[in-house]
Amino acid sequence: MAVAHQLTPQLKLLRLSGILETLDTRQRQAVDEQWSYLDFLERLLQDEVERRAQKQLDLRVRRAGLNTQKTLDNF
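According to the numbering used here, the sequence shown is numbered sequentially starting from 141.
Have a look at this one:
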């Protein structure tokens with residue numbers, strides 16, 4: 141959408157790639173489900189928080205040298 145393309149440079153500058161990744165989808169959901177501006181912003185920010193948490197977890201697992209493919213069944 142046009143709005144997402146207008147915001148891309150600012151989102152990249154602020155390192156908000158989680159919002160950048162989900163902005164189009166969230167914008168469509170907001171229109172379809174008639175979200176308030178606050179609900180829309182809250183969900184965008186939650187997307188960013190979740191992306192950062194996942195990125196940190198991935199980094200810690202990689203640094204720890206853990207094989208994420210192992211399960212209790214394979215133990």
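Every residue gets a Cβ at the ideal spot worked out from N, C-alpha and C, and that includes glycine.
When the Cα of residue i is compared with those of the options, which residue comes out closest?
| i | options | result |
| --- | --- | --- |
| Leu184 | Gln167, Leu212, Arg155 | Gln167 |
Hey, would you say residue i sits closer than 9 angstroms to residue j, going by beta carbons?
| i | j | result |
| --- | --- | --- |
| Asp172 | Ala144 | no |
| Leu156 | Glu182 | no |
Buried or exposed for residue i, please, with buried defined as at least 16 other CB atoms from any protein chain shown within 10 angstroms of its CB.
| i | result |
| --- | --- |
| His162 | Position check: residue 162 holds Thr in this sequence, whereas His was assumed. Buried, because 16 or more other Cβ atoms sit within 10 Å of the Cβ of Thr162. |
| Gly158 | buried |
| Asp198 | exposed |
| Leu160 | buried |
Do three or more CB pairs link the stretch 173-183 to the stretch 144-154 at distances below 8 angstroms?
As far as the Cβ criterion goes, the stretch 173-183 does not touch the stretch 144-154, which means the pair count is below three.
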